[in-house]
Amino acid sequence: MKISIIGTGYVGLVTGTCFADTGINVCCVDNNADKISQLRKGLIPIYEPGLDRMVLSNVEKERLHFSTSIADSMEHTEVIFIAVGTPPGEDGSADLSHVLDVAREIGRHMNHHMVIVTKSTVPIGTAQKVKAAIKDEIEKRGLEIDFDVASNPEFLKEGNAIEDFLKPDRIVVGVESEKAEKIMSRLYKPFVLNGHPILFMDVPSAEMTKYAANAMLATKISFMNDIANLCEIVGADVTNVRKGIGSDTRIGSKFIYAGAGYGGSCFPKDVKAIIKTAQQNNYNLRILESVEEVNDDQKRVVVKKVTKHFGDLRGKTFGMWGLSFKPQTDDMREAPSVVIIEAMLEAGAKVKAYDPVAKEEAKKIIGDKIEYSKDQYDALIDVDALILITEWPEFRLPNFKVMEKLMKNKIIFDGRNIYDPTEMEENNYTYYSIGRK
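Just so you know, this note's numbering puts 292 at position 215 of the sequence shown, and the rest follows in order with no gaps.
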């Protein structure tokens, strides 16, 4: 079986590589020639644990190929996945220009039946637009070629994407015909042998499932952050509250950790997009509008704590641990660290930051406005306080005795609640966290 993946971003590259690892012949296509050249050498443009080794292995076994030509990749191909970017527009709606450009290119070169699958996160109704774009190009050529359009949303967590793809909770596929369902069943057979379900449904429902899933997870995070802020006011401990409600199987323990807000490439963009889709259909998703508002405010909670403690921040220097929006990724998109840094700089403070992998990505966004440290302790030399934003494993058990020798003040602002308040008290640190005494 041969398939093509159009787009070698996070989703496209992980998808193509994991399919290749099951023995499928995969061609990944991107219009960035430099990127394709690097990928052929096994050099990965993103940070994802284990992906570099898997790419190199499948390239060497000639199961994974890279190209800049959609037309060349289509020969003998049964399934084409569209996995290009859908960045948010100024109004919050998803920009489908790249998706539809690919669809038109497919229509210009298609000469046999294929299943065209939207893998990118796209608004409800996109598959119909893709179908129309392909059909229009085929008709311009004076031909009649049968094809199917399907929706197959991704549910990959950055930092654990390979495991998520190889051992999925579920596989969601929206189809319009039995033929498409049969082809997609054969393609995903290696992933359901251990009982992982593949859920076939209509295309609009599959498109909605992706947005609804991310919106629900974002809602859980914002709900818990809202509760955490109330906990501080009334003297409750959000850690105990989390355990109390998380033991209820109807709620569960995942995504109910209080912190400095969510970021990344999915939740912010997808919440905005589904809100916009509702508005375009004369409906207001009031809960999700509040979810977005709470998250925007939560990214500034740490700054409020810092300002309340110090007052005037001019002339102060702060060490920051963590820049990426979450551990095990270098993704800086919508990261709370960016909002916090901008606020600190605007208040006249200086920032020295360390992140295990996101330094280069941070430089693209923040530039030289801050100092980048070589390790976590280097970021603490002569600082007025530590601000922890990303819960990387190496930050969980630091040497507090070494820290106090480096810092001007024994003050920690913990934006992820990874330290024990009792231990902080025993070590004579002034300690601020989220939703705890």
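Cβ coordinates follow ideal geometry from the N, Cα and C atoms, glycine included.
Where the beta strand (DSSP E) through F395 begins and ends: T394 to W398
Cβ contact check for the region 391-404 and the region 419-435: 3 or more pairs under 8 Å: yes
DSSP bridge partner residues for I82 (one or two, in chain order): In the DSSP output, where bridge partners are listed per residue, I82 has C105 and F158.
Delimiting residues of the beta strand (DSSP E) encompassing L90: Note, L90: premise wrong, no beta strand (DSSP E); alpha helix (DSSP H) at Y87 to A97.
Nearest candidate by alpha-carbon position, reference D303, set D373, E155, F232 and V194: D373
Own chain, CB closer than 8 Å to C95, minus 5 neighbours either side, in chain order: M131, I239, F242 and L243
Three-pair Cβ contact test at 8 Å for the region 170-179 versus the region 196-209: yes
Proximity to K208 [Cα-Cα], best of C105, K487, P165 and E182: E182
Coil, strand or helix - K485 by DSSP: Coil at K485, not helix or strand.
Inter-residue Cα distance where the pair is L323 and E448: Before going on, a small fix: residue 323 reads as Gly here, not Leu. Between G323 and E448, the C-alpha separation is close to 39 Å.
Terminal residues of the beta strand (DSSP E) in which V415 lies: Unbroken run through V415 is the alpha helix (DSSP H), P413 to E423; no beta strand (DSSP E).
CB contact flag (A355, L400, <8 Å): no
Anticipated Cβ contact below 8 Å, R513 with V315, distance rounded: 6 Å between Cβ atoms; contact.
Beta carbon of N102 nearer than 8 Å to that of T145: Result no, Cβ atoms of N102 and T145 do not sit closer than 8 Å.
Euclidean distance between Cα positions of T154 and V368: C-alpha of T154 to C-alpha of V368: approximately 42 Å in a straight line.
Own chain partners of H186 with C-beta closer than 6 Å, once the 5 adjacent residues on each side are dropped: If we look at H186 and ignore the five residues flanking it on each side, its Cβ neighbours are A148 and M151.
Nearest candidate by alpha-carbon position, reference N135, set C104, D111 and G162: C104
Distance, L474 Cα to E481 Cα: 14 Å
Test item: CB-CB of V252 and V280 under 8 Å: yes
Per DSSP, cross-strand counterpart(s) of V428: F395
Where the alpha helix (DSSP H) through V315 begins and ends: V315 to G323
S144 in three-state terms, based on DSSP: strand
Enclosing alpha helix (DSSP H) for L233 [first to last residue]: No alpha helix (DSSP H) contains L233, which DSSP labels as neither H nor E.
Residue-level contact to chain B via CB, L264, 8 Å cutoff: Any reference to chain B falls outside this structure, which holds one protein chain only.
Cβ-based neighbour list, P498, same chain, cut-off 8 Å, excluding 5 preceding and 5 following: For P498, where only same-chain residues beyond five positions count, the Cβ hits under 8 Å are Y508, S510, R513 and K514.
Which listed residue (G89, C343 and K217) has its alpha carbon closest to that of F158: G89
Meets three-Cβ-pair contact criterion under 8 Å: the region 226-235 and the region 281-297: yes
Enclosing alpha helix (DSSP H) for T384 [first to last residue]: V378 to F387
Close-in-space but distant-in-sequence residues of the same chain around I121 (CB under 7 Å, 5 per side omitted): Taking I121 as the centre and dropping the five residues before and after it, the same chain places the C-beta of L128, D129 and V132 closer than 7 Å to its C-beta, in chain order.
Close Cβ partners of K353 (< 7 Å) along its chain, the five nearest in sequence each way excluded: D168, G169 and S170
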